[in-house]
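Enquirer: These protein sequence lines map, in sequence, to chains A, P and C.
To convert, note that position 55 of the first sequence is 55 in this note's numbering; the numbers rise steadily by one, no gaps.
To convert, note that position 217 of the second sequence is 217 in this note's numbering; the numbers rise steadily by one, no gaps.
To convert, note that position 11 of the third sequence is 11 in this note's numbering; the numbers rise steadily by one, no gaps.
Quick reminder that beta carbons are idealized off the backbone N, C-alpha and C, glycines included.
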Amino acid sequence: MGPIETGVAGLVCLVLAILLQVPVGIAMTVVGAAGYFILTGSLASMLSLFGTETVNMLTNRDFAVVMLFLLMGGFAGVAGLSADIYRVANAWIGHFRGGLAMATVLGCAGFGAIAGSSIATAATMARIALPEMEKRRYSLSLCAGTLAAGGTLGSLIPPSIIMVIYAVQVEQFVIDLFLAAIIPGLLSVVFFIAAIRIQLLLDPDAAGNEPRRSFPERLRETRHGIGPILIIVIVMGGIYSGFFTVNEGAGVGLVLTLLFALMRRSMTGATFFATLYESAGSIAMLYMIVIGANIFGYFLTLSHMPSEISGWIQGQGLPPLAVIFALVMMYIVLGCVFDALAGMVLTLPFVVPIVAELGYDLVWWGIVNVMVIEIGMITPPIGINVFVIKGLRPDIPLSTIFRGITPFLIANIAALLLVLLFPQIATWLPDALR
Amino acid sequence: QSPVVIKFASAFAPTSINNQETIPAFIKAVEEAAGGTIRIEHYPGGTLGPNPIAQLKLVEDGVVDIAEVVAAYTPGRFPELEIFELPFVFDSTVEASLTALEMYEAELLSGFDNLELVGIAEVGPYYLHTSDPVRSPADISGLKLRVGGPVQGAMAEALGAVAVGGIPAPQIAENISRGVVDGSPMDLGNVYNFRIADTAKYHVINVPLGNVAVMFPMNQAKYDSLPPEAKAAFDEFSGEWFTRVLAENLDKQNEQSLASLQEDPEHELVEFSEADVAAMEETLAPLVEPFRTAREGVDLYEEMIAARDAVRATR
Amino acid sequence: MAILGLAALLVLSILAIADIAGRELFGRPISGFSDATDLIIVVAAAACFPASLANRQHIAVRFAGMLHWRLREGLDLLGHLLMLAVFTVIAWQLAVYTIDVANSGQTTWILRVPVWPVWAAATTLFTICVPVQLAQVIDYIARFVSPTPVEDVARVRDPSATVL
Ligand code: NA
Ligand code: NA
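1) If Ala261 (chain A) and Phe63 (chain A) are in contact, beta carbons under 8 Å, what's the gap, nearest whole angstrom?
2) Below 8 Å on the Cβ atoms is my contact criterion, and I expect Leu84 (chain C) with Gln133 (chain C) to pass it. Report the Cβ-Cβ distance as a whole number of Å.
3) Return the first residue and the last residue of the alpha helix (DSSP H) that Glu255 (chain P) is part of.
4) Could you have a look at Ala414 (chain A) and say whether DSSP puts it in helix, strand or coil?
5) For a quick check, are the C-beta atoms of Met305 (chain A) and Ile4 (chain A) less than 8 Å apart?
6) Is the closest heavy atom of ligand 1 to the C-beta of Ile313 (chain A) under 7 Å?
7) Taking 8 Å as the threshold (beta carbon to beta carbon), is Gln199 (chain A) in contact with chain C?
8) Sorry if obvious, but does the Cβ on Gly383 (chain A) come closer than 7 Å to a heavy atom of ligand 1?
9) Which residue's Cα is closest to the Cα of Gly383 (chain A): A:Val370, A:Leu398, A:Arg393?
10) DSSP puts Met218 (chain P) in a beta bridge; with which residues?
11) Please determine whether the Cβ atom of Ser82 (chain A) lies at a distance below 7 Å from any heavy atom of ligand 1.
12) Do the stretch 305–325 of chain A and the stretch 21–30 of chain A touch if we need at least three Cβ pairs shorter than 8 Å?
13) For the putative contact between Val86 (chain C) and Val101 (chain C), defined by C-beta atoms under 8 Å, what is the C-beta separation to the nearest angstrom?
14) Alpha carbon to alpha carbon, how far is Thr301 (chain A) from Thr47 (chain P)?
15) Could you check whether Phe144 (chain C) and Glu73 (chain C) sit closer than 8 Å to each other, using their CB atoms as the reference points?
16) Apply the 10 Å Cβ neighbour rule to His80 (chain C) and answer buried if 16 or more other Cβ atoms are within range, or exposed otherwise.
17) Quick check: what's the CA-CA separation for Leu433 (chain A) versus Ile425 (chain A)?
18) Express the C-alpha separation of Pro137 (chain P) and Tyr36 (chain A) in angstroms, rounding to a whole number.
19) Could you list the residues in the stretch 85–109 of chain C with a C-beta less than 9 Å from some C-beta on chain P, going in chain order?
20) State buried or exposed for Thr400 (chain A), treating a residue as buried only when at least 16 other CB atoms are found within 10 Å of its CB.
21) Does chain C have any CB closer than 8 Å to the CB of Gly183 (chain P)?
22) Closest to Ile120 (chain P) by CA distance: which of P:Ala96, P:His129, P:Gly111 is it?
23) Would you kindly report the start and end of the unbroken alpha helix (DSSP H) that includes Glu221 (chain A)?
24) So, does the CB of Leu12 (chain C) fall closer than 8 Å to a CB anywhere in chain A?
25) Going by CA-CA distance only, name the one from P:Tyr43, P:Asn51, P:Arg77 that's closest to Asp65 (chain P).
26) Just mark Gly333 (chain P) as buried or exposed, buried being the case when its beta carbon has 16 or more other beta carbons within 10 Å.
27) Would Gly32 (chain C) count as contacting chain A if we go by Cβ distances under 8 Å?
28) So with Cβ pairs under 8 Å, would you call Thr123 (chain C) a contact of chain P?
29) Quick check: the Cα distance between Ser2 (chain P) and Ala415 (chain A), rounded to an integer number of angstroms?
30) Can you name the start and end residues of the beta strand (DSSP E) that His316 (chain P) belongs to?
31) Are the beta-carbon atoms belonging to Leu259 (chain A) and Leu6 (chain C) less than 8 Å from one another?
32) In terms of DSSP beta bridges, what is Tyr140 (chain C) paired with?
33) I'd like to know whether the C-beta of Gly35 (chain P) is nearer than 8 Å to at least one C-beta of chain C.
34) Quick one, which of P:Phe88, P:Val59, P:Ser238, P:Lys7 has its alpha-carbon nearest Leu209 (chain P)'s?
35) Kindly indicate if chain A contains any beta-carbon less than 8 Å away from that of Ala8 (chain C).
36) Would you say Ala122 (chain A) touches ligand 1, meaning its beta carbon is less than 7 Å from a heavy atom?
What follows is the structure, given as structure tokens:
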């Protein structure tokens, strides 16, 4: 068996192991190490990779920011900043037809500007917005669809943990990805709101009415927004304006969210420790995935498979946009049944050289990746955000949630198409600020 | 009989001058001389181990056989090499690199147990590049400068600047443009590679601030296992030949960068007055002292100057 | 463990603010602050692993397990055995690395603090992972051989705790 055949066999084994419930990071580590051993015959070198790659990740400053953003999101939830954003949005647009759903989308976007993950955003916002929408007789499918889809804004609007992982693996600046995501993120917000409006034109009974608030009442509610706005302005503003680095900004944000939680007395000893403990679980899991991907990377390189595949694709002389569309289609199909993040990390060694060779911007491709991953999180049969809502409210049937998601899925695909056809939507801002 | 395969890795970009010119030239020379007994596989761009800091460990563990190792990334591991970071000693990469090779062969450099040195480049000299105007030594005072190691840190502080550590070279430009630092010492050749020229427009080009070691160690066991014909070919081109080609190409890159900076009206090339340079030299002179006594019975600084003068005499 | 590690990270963040203030307002950052950062992030991240294993937080696609509960438990057991093996090798290799940096005298960039104590701490934390994971494996063996299905605890308990 030659190196390339071994590489193919390794990939098949990896997919099998993941389908057989082996945790993704562990599967990549074990199959990667075994494949490395088969190709080199050196047991000592193979074992050393476990040490080398663990050391590499533990010392990686860029990746360490994942810890800070995770804790920051956790503290922001405890501090009730998500509820604040929702209240403000509600005061201003709640009385429109479907206004509570739109306020939920804005709430997700606002919380997404503090937290780095989709699941945290979906779960946090669901606890706040779902009861309110139900009280106003919003249909369950609209509620669940809005929350599952709105939750994806947690990853698309910076800060974003997926973008940190991409930047570390592809050696791009995290800050460039964050800047590039701002306009696509806002575009998605607009498309989601449009999706709600169009849906309500087709099915006017899906949402009840909320009384219009008086102007003084609105101002009173807006005061609640000061906390989160302050944090977003200081942290993200500080990072984008160059007052401090991404890591420093995340540290500042962590301290600020903790202070808010303490000031509001919503932070008890128990919630403090619970937030740390639960974040620890996610942190270790993310580290393990990247350690595994890197060990698998040695095996892939030695199999010469990535270079053969990208060489073959370039040799076909296809138009660049066709290749890009084929890749995106592949990711969307993969995202239906596979863990989307693992899918991205695993395919980067194959895909990034192809995209770079076609002359596309790797920051732009990172944003495309995040958008595709977010689509994977809400497509059947396996959509993590959908399971989050289901986990909080087991009485809502999965079919109802997936039905509610359909309009948002269309909105997501429309936004993705625009970013694919007009890369400037993503690349303009980082280029302008460089 | 199938050839011995040697994995030659570099975590740096495939477009770097080392990966583009020098390493391929070395591979071609060795493979031709070895008459089919050796095949050297080149893995640039970090495809076999992306972390520049881990390269030494990868060689020691036999994951790769030869790698491009920046000595400053593992402080304390090659203690004597830090002496090349002293200012006002060398005026080119070739001179500093051959001096380092001489000292290695005289067994004045430690940390090479189980490693065979294939070649070494003492990249430099480093010059100061800043975004704020610097036209005299007084302007350096108060600037925030990125430093790549303890010697550069001491140098920055002696000149009244604020030393900021922990910024890897590829992120210098980003941090200058965001104002986290105001400038950095860097060799001229890498001013464009690291996009420092995009943000730093002032370049002090007559105050050499030391050289930094980039070396190519080989796994000793792998070297020892080479069949005689392969080893002979390898020995012919490792050491002086490879070091010289490495350093000459890097100096060529230095000259090209300098020419580009000179042509570009956006950039200001600054030369301090002779009196100012002399005063700086005096200010920085105490930095030498620790190296005189670091090793018992050896004045490493004197040894370096002697080796350098020997190199100068032959050129 | 995790709590201590992440609390250290919190202290680091507060120091970062002092460092930024010192740098931007007084032109005097905390000397060697970047060295401290480099050391603390290692321990903070390593400290998360034992808690994560005790927590059973990991991404796994639980597809095949929908067929039959004993198949599910058997596959989970397999996954956890592999995890035990991986963590054992990591702990061992980190010990080797610690001895290596101690012998070669590696230090931090600016303050020249020896780095081996940090790696000794990281090695200890990964070594703790081994018995923690062993306990999980024993639990999964019990679940696998149990005559009746044990309730599936590995489902997402509190989704806010997971990421992505
Ligand atoms: Na976010
Ligand atoms: Na999906």
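Expert: With the structure as the only source:
1) Within the first sequence, residue 261 (chain A) is the residue found at index 261, counting from 1. Within the first sequence, residue 63 (chain A) is the residue found at index 63, counting from 1. With a Cβ gap of about 25 Å, Ala261 (chain A) and Phe63 (chain A) do not count as contacting.
2) As a working note, residue 84 (chain C) is residue 84 in the third sequence. As a working note, residue 133 (chain C) is residue 133 in the third sequence. Going by Cβ atoms, the distance from Leu84 (chain C) to Gln133 (chain C) rounds to 5 Å, so yes, they are a contact pair.
3) Within the second sequence, numbered from 1, the residue matching residue 255 (chain P) stands at position 255. Segment 240–263, the alpha helix (DSSP H) holding Glu255 (chain P).
4) Looking up residue 414 (chain A) in the first sequence gives position 414. If DSSP states are grouped into helix, strand and coil, Ala414 (chain A) belongs with the helices.
5) Position 305 of the first sequence holds residue 305 (chain A). Position 4 of the first sequence holds residue 4 (chain A). Their beta carbons are under 8 Å apart, which means Met305 (chain A) touches Ile4 (chain A) by this criterion.
6) Along the first sequence, one-based indexing puts residue 313 (chain A) at 313. Ile313 (chain A) Cβ: outside cutoff for every heavy atom of ligand 1.
7) On the first sequence, position 199 is the one that residue 199 (chain A) refers to. For Gln199 (chain A), the answer is no, since every Cβ of chain C falls outside 8 Å of its Cβ.
8) The residue given as residue 383 (chain A) occupies position 383 in the first sequence. False, no ligand heavy atom lies under 7 Å from that Cβ.
9) Within the first sequence, the letter at position 383 stands for residue 383 (chain A). Out of A:Val370, A:Leu398, A:Arg393, A:Leu398 has the C-alpha closest to the C-alpha of Gly383 (chain A).
10) One-based indexing of the second sequence puts residue 218 (chain P) at position 218. The partner list for Met218 (chain P) (beta bridge, DSSP) reads P:Ile66, P:Glu116.
11) Within the first sequence, numbered from 1, the residue matching residue 82 (chain A) stands at position 82. Flag unset: Cβ of Ser82 (chain A) not near ligand 1.
12) no
13) Taking the first residue of the third sequence as position 1, residue 86 (chain C) is located at position 86. Taking the first residue of the third sequence as position 1, residue 101 (chain C) is located at position 101. Not a contact, Cβ separation roughly 22 Å.
14) Within the first sequence, residue 301 (chain A) is the residue found at index 301, counting from 1. Within the second sequence, residue 47 (chain P) is the residue found at index 47, counting from 1. A direct Cα-Cα distance of roughly 6 Å separates Thr301 (chain A) from Thr47 (chain P).
15) For the purposes of this step, residue 73 (chain C) is taken as residue 73 along the third sequence, with counting starting at 1. For the purposes of this step, residue 144 (chain C) is taken as residue 144 along the third sequence, with counting starting at 1. Cβ atoms of Glu73 (chain C) and Phe144 (chain C): closer than 8 Å.
16) Position 80 of the third sequence, counted from the first residue, corresponds to residue 80 (chain C). With 16 or more Cβ atoms within 10 Å of its Cβ, His80 (chain C) is classed as buried.
17) Mapped onto the first sequence, residue 433 (chain A) falls at position 433. Mapped onto the first sequence, residue 425 (chain A) falls at position 425. About 14 Å.
18) Here residue 36 (chain A) is taken as the residue at index 36 of the first sequence, counted from 1. Here residue 137 (chain P) is taken as the residue at index 137 of the second sequence, counted from 1. In a straight line, the C-alpha of Tyr36 (chain A) is about 54 Å away from that of Pro137 (chain P).
19) Tyr97, Asp100, Val101, Ser104, Gly105, Gln106, Thr107, Thr108, Trp109
20) Position 400 of the first sequence holds residue 400 (chain A). Thr400 (chain A) comes out buried.
21) Start at 1 with the first residue of the second sequence, and residue 183 (chain P) comes out as number 183. No, Gly183 (chain P) lies away from the interface with chain C (no Cβ there is under 8 Å from its Cβ).
22) Taking the second sequence and counting its residues from 1, the one referred to as residue 120 (chain P) is at position 120. Among P:Ala96, P:His129, P:Gly111, the Cα nearest to that of Ile120 (chain P) is on P:Ala96.
23) Locating residue 221 (chain A) in the first sequence gives position 221, counting from the first residue. Per DSSP, Glu221 (chain A) belongs to the alpha helix (DSSP H) from 215–222.
24) Here residue 12 (chain C) corresponds to residue number 12 of the third sequence, with the count starting at 1. For Leu12 (chain C), the answer is yes, since a Cβ of chain A falls inside 8 Å of its Cβ.
25) Counting from one through the second sequence, the residue named residue 65 (chain P) turns up at place 65. That would be P:Tyr43, whose Cα lies nearest to the Cα of Asp65 (chain P).
26) Any property of residue 333 (chain P) remains undetermined from this structure, which presents chain P solely from 1 to 315.
27) On the third sequence, position 32 is the one that residue 32 (chain C) refers to. At a cut-off of 8 Å between C-beta atoms, Gly32 (chain C) does not count as an interface residue with respect to chain A.
28) Your numbering for residue 123 (chain C) matches position 123 in the third sequence. With 8 Å as the cut-off, Thr123 (chain C) does not count as an interface residue toward chain P.
29) The count along the second sequence starts at 1 and reaches residue 2 (chain P) at position 2. The count along the first sequence starts at 1 and reaches residue 415 (chain A) at position 415. Taking the Cα positions, Ser2 (chain P) is about 54 Å away from Ala415 (chain A).
30) No statement about residue 316 (chain P) is possible, as the shown extent of chain P runs from 1 to 315 and does not include it.
31) One-based indexing of the first sequence puts residue 259 (chain A) at position 259. One-based indexing of the third sequence puts residue 6 (chain C) at position 6. Not closer than 8 Å, so no.
32) Here the question's residue 140 (chain C) lines up with position 140 in the third sequence. DSSP output for Tyr140 (chain C) lists no bridge partner at all.
33) Position 35 of the second sequence holds residue 35 (chain P). Cβ-Cβ to chain C under 8 Å: no for Gly35 (chain P).
34) Mapped onto the second sequence, residue 209 (chain P) falls at position 209. The shortest C-alpha separation from Leu209 (chain P) is found at P:Phe88.
35) Counted from its first residue, the third sequence places residue 8 (chain C) at position 8. When Cβ-Cβ separations below 8 Å define contact, Ala8 (chain C) makes no contact with chain A.
36) If you number the first sequence from 1, residue 122 (chain A) lands on position 122. No, the beta carbon of Ala122 (chain A) sits no closer than 7 Å to any heavy atom of ligand 1.
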